[in-house]
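Numbering (the working numbering), first residue to last: 597 to 915.
1) Can you give, in chain order, each stretch of the alpha helix (DSSP H) that sits fully within the segment 793-817 and has at least 4 residues?
2) Which value, in whole angstroms, describes the spacing of the CA atoms of residue 673 and residue 654?
3) Could you give the uninterrupted runs of the alpha helix (DSSP H) lying entirely in the segment 842-913, keeping only those of 4 residues or more?
4) In the DSSP output, which residue or residues are listed as bridge partners for residue 615?
5) What are the start and end residues of each continuous alpha helix (DSSP H) run of 4 or more residues lying completely inside the segment 705-763, in chain order?
6) Here's a check: name, in chain order, each residue in its chain whose Cβ is nearer than 7 Å to the Cβ of residue 800, leaving out the five neighbours to either side.
7) Quick check on residue 608: does DSSP put it in helix, strand or coil?
8) Put residue 629 into one of helix, strand or coil per three-state DSSP.
9) Roughly how many angstroms lie between the CA atoms of residue 637 and residue 773, to the nearest whole one?
10) Would you identify the three-state DSSP class for residue 838, choosing helix, strand or coil?
11) Taking DSSP as the reference, what is the three-state secondary structure of residue 918?
12) Quick one: what's residue 600 bridged to in DSSP?
13) Any idea which residues DSSP pairs residue 697 with across the strands?
14) Going straight from the alpha carbon of residue 675 to that of residue 625, what length do you get?
15) Give the single residue among 874, 873, 823 and 808 whose Cα lies nearest to the Cα of residue 853.
16) When burial is assigned at 16 or more other CB atoms within 10 Å of the CB, is residue 828 buried or exposed?
17) Tell me, please, which residues DSSP counts as bridged to residue 685.
18) Using the rule of at least 16 other Cβ atoms within 10 Å of the residue's Cβ for burial, across every protein chain shown, is residue 761 buried or exposed?
19) Inspect the CB distances between the segment 896-914 and the segment 777-786 and report whether three or more fall short of 8 Å.
20) Let's see if you can read the secondary structure: which residues bound the alpha helix (DSSP H) around residue 767?
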């Protein structure tokens, strides 16, 4: 396993890391997901076995959130006696059930309660990275949520702070607010941050964690199960599949998606939302293979999608 520095922090992250949303709640598309129910999470014992296998294979960074159902509790069980081996990130939600940002004293109280619950479920006194979950431009602009994160940091509840953001504006605000790290969507189809945000983060010493590497399954064989209303996205995914198959040696769509992200040196780690050991091993094999040459990278750059509604899974109407 190769490791990369997260910005100017002292954290060295495995270049492939484990995202755990699919371990805690129904998530994504697939044959196992009738209608819009989402693919069910694995059984607890299988999820714990996956975490243990990931640690054995050199993964040292695990990402979770209060919003990920049983994910934090499962990680807490899996990491008993192994906390010293890994780096742990979780997220605090700053929105109510209607998606409106908390404000004032309510914001501070809700963030504190969220963090307290996370630490209890994870069985740890601190996390290595605490992120604002789906931080809006308005929330970041106010500065109040970042200030609260810094108070948690001063209290020893987290070593570093950051934000999980969408779009191109929010990450730039977060960089200006002095976060240590950003978690952002980045993949072959969604390259919106490549031109400005990634260079700005580099210049500011802000570490980048890439999520949505497989675009919630759209950049995988599971794309065939996308609903008819997302037929344009399915066509884009098939173009990636064809380009990957035309390489020498040929690659799967998933392998090409992961290798594309890892080809960007400003990205410290790529989160993979795998559900079982076989899927994890496939990702690790792709990461070990020789990197893309510039011509291959450019071929995949040309496959980017410029339709924002296709790139934001929250608009798909799927879990």
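The beta carbon of each residue, even a glycine, is placed where N, CA and C say it ideally should be.
Taking the structure as given:
1) 793-800
2) 19 Å
3) 849-858, 873-884, 890-897 and 904-907
4) 659
5) 733-738 and 740-750
6) 771
7) strand
8) coil
9) 36 Å
10) helix
11) Because residue 918 is not part of the residues shown, which for the chain are 597 to 915, the question remains open.
12) 609
13) 691
14) 28 Å
15) 808
16) exposed
17) 659 and 725
18) buried
19) yes
20) 765-772
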